[in-house]
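J.:
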Amino acid sequence: MALPASPERSAGKVVLVTGSGQGIGAAIAAEFARRGYRVAGADRAYAGVEAGSDLLRIACDVGDRASVEMMIGTVQEALGPIEILVNNAGIYPMQPFETISPEDWSRVMATNLTSVFNTCQCALPAMRQAGWGRVINIVSNTFFMGLPNFAHYIASKGAVIGMTRSIAAEYGRFGITANCIAPNFTRTEGTAVVEAQAPEVVAQTVASQAIPRVALPQDVLDAVLFLAGEGAGFMTGQTLVCDGGTIKH
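Under UniProt numbering, read the sequence shown as residues 1 to 249, first letter to last.
1) Which word fits Asp104, buried or exposed, when buried means at least 16 other C-beta atoms lie within 10 angstroms of its C-beta?
2) Between which two residues does the alpha helix (DSSP H) harbouring Gly172 extend?
3) Helix or strand or just coil, what does DSSP make of Gly80?
4) Starting from Asn88, follow its DSSP beta bridges and name the residues at the other end.
5) Inspect the beta-carbon positions of Ala33 and Val62 and report whether they are closer than 8 Å.
6) From the DSSP output, in three-state form, read off Leu56 for me.
7) Look up Glu200 in the DSSP assignment and say whether it is helix, strand or coil.
8) Note down, in chain order, each residue of its chain lying with its Cβ closer than 6 Å to the Cβ of Ala30, except the 5 sequence neighbours on either side.
9) With distances taken from CA atoms, which of Asn184, Ile28, Val15 and Ile136 is nearest Leu79?
10) What are the boundary residues of the alpha helix (DSSP H) that Thr18 is part of?
11) Output the distance between the C-alpha atoms of Ala182 and Ser53, rounded to the nearest integer angstrom.
12) Apart from the five residues just before and just after Phe117, which ones in its own chain have a Cβ nearer than 8 Å to its Cβ?
13) Using the beta-carbon count (16 or more within 10 Å), is Ser140 buried or exposed?
14) Thinking C-beta only, is Pro199 closer than 8 Å to Asn149?
15) Per DSSP, which residues does Cys242 bridge with? Please list them.
16) Run through DSSP, which three-state label would Asp64 get?
17) So what does Gly131 bridge to, in DSSP terms?
18) How far does the beta strand (DSSP E) with Arg38 in it reach, from first residue to last?
19) Can Gln22 and Glu230 be called in contact, C-beta distance under 8 Å?
20) Using a Cβ-Cβ cutoff of less than 7 Å, which residues in the same chain neighbour Ala232 once the five nearest sequence positions on both sides are dropped?
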């Protein structure tokens with residue numbers, strides 16, 4: 001159950017959510033819209049640009065700089081400068097380390113890491129000019145765990161954590177916060193393949209948690225809403241681990 005809407009905090013702010021076509025991203029975009037934010041979603045699954053009643057949907061390959069620049073321009077023209085950026089787009093192929101090809105590595109880095117560089121570099125100038133902004137990057141608790149068969153995925157998420165800390169240090173004086181959220185395995189349409197291929201991994205994940213259930217998009221969503229709000233204005237450069245108590249630090 002989501003927290004009740006808080007109109008005094010939404011105030012029509014412009015939100016961009018990447019990877020909003022399904023799963024965690026779809027839940028985040030829908031809840032921001034419900035609370036009165038002006039929301040744009042970017043996803044490769046979309047066809048062109050579609051202005052819905054609740055969400056401006058824009059087809060975008062976030063790993064491609066030109067595609068991101070066009071998408072950001074569309075958002076700014078339709079809704080205004082982006083004030084809250086949620087980088088959620090990501091892929092998580094399960095591969096033994098020795099089978100990862102250079103092409104596999106590059107594809108994961110483009111989607112999970114270069115995408116964050118692209119969107120942040122394009123959105124931050126307007127936030128800096130406005131003197132307010134929120135950057136929220138979805139990473140993974142696997143960075144702290146070092147699971148096997150996910151070397152490229154874990155490397156990409158660790159790099160995002162490092163980039164986020166640097167952005168936080170550089171942009172804090174402009175009223176901009178930058179934080180990460182690190183969930184555990186979360187049940188979505190996209191993770192169905194992992195559940196089918198390696199159910200024992202999912203079982204082990206749940207067994208490692210203090211709260212013994214599979215995480216759902218709502219669990220991540222509530223953390224995003226907190227970091228996007230005025231109440232988190234003094235919290236920056238942090239990684240909020242939202243994993244049912246697997247990582248305790």
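By construction, the Cβ of each residue, glycine as well, lies at the ideal position given by its N, Cα and C atoms.
Keep in mind that this is a model prediction, so the values were computed, not measured.
T.: Reading off the structure:
1) When all chains shown are included, Asp104 counts as exposed.
2) Where Gly172 is concerned, there is no enclosing alpha helix (DSSP H), given that its DSSP letter is neither H nor E.
3) Correct three-state label for Gly80: coil.
4) None, per the DSSP bridge assignment.
5) No. Outside cutoff.
6) Three-state result, Leu56: strand.
7) Helix.
8) Excluding positions up to five away in sequence, the list is empty.
9) In this structure, Val15 is the residue among Asn184, Ile28, Val15 and Ile136 with its C-alpha nearest to the C-alpha of Leu79.
10) Segment Val14 to Thr18 is the beta strand (DSSP E) holding Thr18; no alpha helix (DSSP H) there.
11) Rounded to the nearest angstrom, the two C-alpha atoms are 31 Å apart.
12) Its chain contains Met163 as the residues whose beta carbon lies nearer than 8 Å to that of Phe117, once the 5 sequence neighbours on both sides are disregarded; these appear in chain order.
13) Classification for Ser140: buried.
14) With a cutoff of 8 Å on beta-carbon distance, Asn149 and Pro199 are scored as not near each other.
15) Cys242 pairs with Pro183.
16) Of the three classes helix, strand and coil, the one that applies to Asp64 here is coil, per DSSP.
17) Paired residue(s): none; Gly131 is not in a bridge.
18) Arg38 to Asp43 is the span of the beta strand (DSSP E), which, as asked, contains Arg38.
19) No, Cβ-Cβ distance for Gln22 and Glu230 is not below 8 Å.
20) Excluding residues within five positions, the ones whose Cβ falls inside 7 Å are Thr177 and Phe226.
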